[in-house]
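Numbering (the working numbering), first residue to last: 12 to 295. Even for Gly, the Cβ is constructed at its ideal location relative to N, Cα and C.
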């Protein structure tokens, strides 16, 4: 799967034993069982897995057992081929870039996958989260003299998010288009930020004290791995706009390492072309 998305682990809390056990069975044991059944030929193996994540090969080559399994074609996939990612392909065709907006990629704190390990957050916590978030975004808007656009996942509730952002426009199905027009992109841990990274846009990670331990962990991991700046909506509210802007511009130079590891194996080439060519040669 050539999406170039990083995976971030989760912490399991003893406060929610039942949820933790369900998560471990479904997410971890389920994946291991699937791989084992493929190796034992109970389930059919994937002939070729196209991936843009070069870390997979680094990990396999450091593990003698996994290296042996790959050589003997005993993985869930018989073969792995590195290609450029889909977001990278799209970035090659990028047109009409501008810096008109501050684009915030919002998250839904009580969305289904967030409830797997900690249950539902109270209305009071959600309200506090959005109070400081909206206040922080308004300050960014004033300091940089840019309108804020809030983009949400297609499965999120548009009306619910618009209620949280009464002074901003909330958009569905416009995330990539909005990022192309962004002066600055803010996010918690959205995979959509990849478009901003590939386009070398200024990116600011946001951390909220009102998120759960795993959400905070994820919000901190993305900036750390990619190399962009992260601020806390409450603790870092009194930021210096000029210093932040200077820091945001400097951080752009950090993106290259992430892009080469997860997205761009062969600069200037389309990953989709390599996939099509490989399939044609092997099967037609």
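{"Query": "Would you please state the rounded distance, in angstroms, between the beta carbons of residue 206 and residue 172? I believe it to be under 8 Å.", "Result": "20 Å between Cβ atoms; not a contact."}
{"Query": "Does the count of Cβ pairs from the stretch 87–107 and the stretch 129–146 closer than 8 Å reach three?", "Result": "no"}
{"Query": "Does the separation of the CB atoms of residue 250 and residue 194 fall below 8 Å?", "Result": "no"}
{"Query": "According to the neighbour-count rule (16 or more other Cβ atoms, all chains shown, within 10 Å of its Cβ), is residue 294 buried or exposed?", "Result": "exposed"}
{"Query": "By how many angstroms is the C-alpha of residue 163 removed from the C-alpha of residue 276?", "Result": "30 Å"}
{"Query": "Taking its Cβ as the centre, do 16 or more other Cβ atoms sit within 10 Å of residue 107, making it buried, or is it exposed?", "Result": "exposed"}
{"Query": "Based on the DSSP output, what are the partners of residue 181 in its beta bridges?", "Result": "161"}
{"Query": "Going by Cα to Cα distance, which pick from 73, 66, 51, 103 is closest to residue 282?", "Result": "103"}
{"Query": "Rounded to whole angstroms, what's the CA-CA distance from residue 185 to residue 151? Just pull it up for me.", "Result": "21 Å"}
{"Query": "Would you mind listing the beta strand (DSSP E) stretches within the stretch 174–258 that are 3+ residues and don't spill past its ends, in chain order?", "Result": "180–183, 193–198, 213–218, 240–243"}
{"Query": "Could you tell me whether the Cβ atoms of residue 229 and residue 247 are closer together than 8 Å?", "Result": "no"}
{"Query": "Within its chain, find whatever has a CB closer than 8 Å to the CB of residue 182; leave out the 5 residues flanking it on each side and keep chain order.", "Result": "160, 161, 162, 163, 189"}
{"Query": "Please say whether residue 105 and residue 191 have beta carbons closer to each other than 8 Å?", "Result": "yes"}
{"Query": "Taking only the alpha-carbon atoms, compute the straight-line gap between residue 50 and residue 78 and give it to the nearest angstrom.", "Result": "14 Å"}
{"Query": "I believe residue 211 touches residue 266 by the beta-carbon criterion, under 8 Å. Please report the beta-carbon distance rounded to the nearest angstrom.", "Result": "6 Å"}
{"Query": "How should residue 260 be labelled, buried or exposed, when 16 other C-beta atoms within 10 angstroms of its C-beta is the threshold for buried?", "Result": "exposed"}
{"Query": "Quick one: what's got a C-beta closer than 8 Å to residue 67's C-beta in the same chain, skipping five residues either side?", "Result": "91"}
{"Query": "Verify whether the separation of the beta carbon atoms of residue 133 and residue 94 is less than 8 Å.", "Result": "no"}
{"Query": "Just to confirm my understanding: we take residue 57, look at its own chain, exclude 5 residues before and 5 after, and list those with CB closer than 8 Å. What are they?", "Result": "49, 87, 88, 89"}
{"Query": "Have a look at residue 274 and residue 169 and give me their C-alpha separation to the nearest angstrom.", "Result": "31 Å"}
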